[in-house]
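Written below as structure tokens is the structure these notes are about.
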Amino acid sequence: MEKKVFSIIIPIYNAERHLKSCLDSIVNQNYLNYEVLLIDDGSTDKSGEICDDYVSRFKKFKVIHKENKGVSNARNKGIELSQGEYLLFVDSDDFLSETYLSSIYSVIEKSNPSVVVNSSYYIYSQNSYFCETYAISNISEITSENITDLLLERVYPSALWMSVYKRSLLDNHRLDETIHFYEDLDFQLSLVDSLKCISINKIPGYFYRDGSETHSTFSEKTISCYKLIDKLYKKNISISKINILESEFVISNAIIAAKDIKNHKSLDKILKIRAKKLKKSISVKNKKNIYKWIKLIALSPKLFYVLFRIKHRKE
Numbered sequence: 009m010e011k012k013v014f015s016i017i018i019p020i021y022n023a024e025r026h027l028k029s030c031l032d033s034i035v036n037q038n039y040l041n042y043e044v045l046l047i048d049d050g051s052t053d054k055s056g057e058i059c060d061d062y063v064s065r066f067k068k069f070k071v072i073h074k075e076n077k078g079v080s081n082a083r084n085k086g087i088e089l090s091q092g093e094y095l096l097f098v099d100s101d102d103f104l105s106e107t108y109l110s111s112i113y114s115v116i117e118k119s120n121p122s123v124v125v126n127s128s129y130y131i132y133s134q135n136s137y138f139c140e141t142y143a144i145s146n147i148s149e150i151t152s153e154n155i156t157d158l159l160l161e162r163v164y165p166s167a168l169w170m171s172v173y174k175r176s177l178l179d180n181h182r183l184d185e186t187i188h189f190y191e192d193l194d195f196q197l198s199l200v201d202s203l204k205c206i207s208i209n210k211i212p213g214y215f216y217r218d219g220s221e222t223h224s225t226f227s228e229k230t231i232s233c234y235k236l237i238d239k240l241y242k243k244n245i246s247i248s249k250i251n252i253l254e255s256e257f258v259i260s261n262a263i264i265a266a267k268d269i270k271n272h273k274s275l276d277k278i279l280k281i282r283a284k285k286l287k288k289s290i291s292v293k294n295k296k297n298i299y300k301w302i303k304l305i306a307l308s309p310k311l312f313y314v315l316f317r318i319k320h321r322k323e
């Protein structure tokens with residue numbers, strides 16, 4: 009039996025609205041040497057039935073129905089079961105151009121890389137789309153020495169669906185299932201020391217569906233991202249860069265909290281404490297757009313929420 013080149017891993021949870029569009033885009037690929045692993049993470053809608061239907065009609069598709077344990081657990085299950093030489097992750101509400109796999113394969117043939125990273129992708133919204141490009145397309149060389157900085161500076165995309173990974177690279181790597189926010193960045197950083205060759209695919213073919221919010225409520229899961237900050241302190245990374253990243257986390261958490269009408273006093277306190285620490289950082293002060301929000305959250309998270317809601321009510 010011919011070894012599969014690609015294993016496409018799709019974590020699925022209550023995705024019936026867009027799931028068929030996602031799966032059809034894979035069926036329509038003009039490159040055919042792949043398998044599809046559908047990881048149904050305890051869906052309570054018709055997602056499981058849709059998965060079963062595609063498995064019955066297409067031999068390349070396999071489905072695993074499992075208890076709901078979150079997207080990282082679902083991705084890890086896909087990694088465990090994958091048989092392809094390269095792995096890619098697709099979110100269940102997104103879709104691919106029909107030439108996506110063939111463009112990735114062309115890059116692999118040239119350089120046999122550890123990772124193929126896409127420099128651009130399409131954002132799809134209300135039946136129209138536009139192309140978003142990362143500055144990584146202008147980088148002459150990506151190495152294990154500079155990739156950490158590129159990730160932290162958002163030059164190198166952290167989203168897992170922006171990269172294709174050699175299966176052997178992940179033999180000893182899995183997603184941290186205790187981190188539920190910015191888990192993609194955590195995983196990318198965990199791979200840095202194992203990377204040998206990184207190639208760039210400059211042909212966009214992934215369509216990200218705008219408007220799908222992974223986190224709509226402020227919770228303990230949302231603030232789990234600070235575990236990544238704790239990990240970074242143990243690495244040889246400048247404190248100033250860690251402070252900028254942590255500021256991004258605090259602001260992201262505050263925006264989610266502003267959209268969530270529930271009262272979370274204990275979590276608000278965590279944001280306030282972290283913001284108070286960060287507003288003293290020189291690197292944060294030098295980032296004026298970040299600093300003004302950190303200063304406000306340090307003063308009063310609730311005031312930030314109110315002002316955020318007023319601003320977005322007017323838009």
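All letters in the sequence shown, in the order written, are residues 9 to 323 by our numbering. Beta carbons: idealized from backbone N, C-alpha and C, even for Gly.
Alpha carbon of residue i to alpha carbon of residue j, nearest angstrom
i	j	result
residue 297	residue 260	13 angstroms
residue 92	residue 270	44 angstroms
residue 94	residue 161	27 angstroms
residue 108	residue 308	46 angstroms
residue 311	residue 225	18 angstroms
residue 243	residue 110	37 angstroms
residue 191	residue 80	8 angstroms
residue 211	residue 167	17 angstroms
residue 253	residue 279	14 angstroms
residue 236	residue 245	13 angstroms
residue 77	residue 248	35 angstroms
residue 302	residue 314	15 angstroms
Sequence-distant residues of its chain with Cβ nearer than 8 angstroms to residue i (five each side left out)
i	result
residue 221	No answer about residue 221 holds up, because its pLDDT of 49 lies below 50 and its placement is not dependable.
residue 219	133
Nonlocal neighbours in the same chain, by C-beta distance under 7 angstroms from residue i, ignoring five residues either side
i	result
residue 182	84, 87
residue 27	20, 55, 58, 100
residue 316	263, 266
residue 35	66
residue 200	152, 155, 156
Sequence-distant residues of the same chain with beta carbon closer than 6 angstroms to residue i, five excluded per side
i	result
residue 184	194
residue 18	46, 98, 100
residue 63	69, 71
residue 289	251
Closest Cα partner of residue i within the set the options
i	options	result
residue 306	255, 147, 78	255
residue 133	215, 180, 189	215
residue 51	74, 12, 37	74
residue 155	318, 196, 279	196
residue 16	189, 106, 90	90
Quick check for students: name the residue ranges of the alpha helix (DSSP H) that lie wholly in the stretch 37-112, counting only runs of 4 or more.
55-65, 79-89
Are three or more beta carbon pairs between the stretch 120-139 and the stretch 195-207 nearer than 8 angstroms?
As far as the Cβ criterion goes, the stretch 120-139 touches the stretch 195-207, which means the pair count is three or higher.
Kindly confirm or deny that the stretch 40-51 and the stretch 67-74 touch, where touching means at least three C-beta pairs closer than 8 angstroms.
yes
Which residue spans inside the stretch 248-288 form an unbroken alpha helix (DSSP H) run of at least 4?
Segments of the alpha helix (DSSP H) lying fully in the stretch 248-288: 273-286.
Quick check: the stretch 137-150 against the stretch 228-240, are there 3 or more CB pairs under 8 angstroms?
no
Which runs of the alpha helix (DSSP H) at least 4 residues long sit entirely within the stretch 170-234? Give them in chain order.
191-199
Uninterrupted alpha helix (DSSP H) stretches inside the stretch 286-315 (no shorter than 4 residues)
Listed in chain order, the complete alpha helix (DSSP H) runs (minimum 4 residues) inside the stretch 286-315 are 290-293, 296-307.
What are the start and end residues of each continuous beta strand (DSSP E) run of 3 or more residues lying completely inside the stretch 138-164, in chain order?
none
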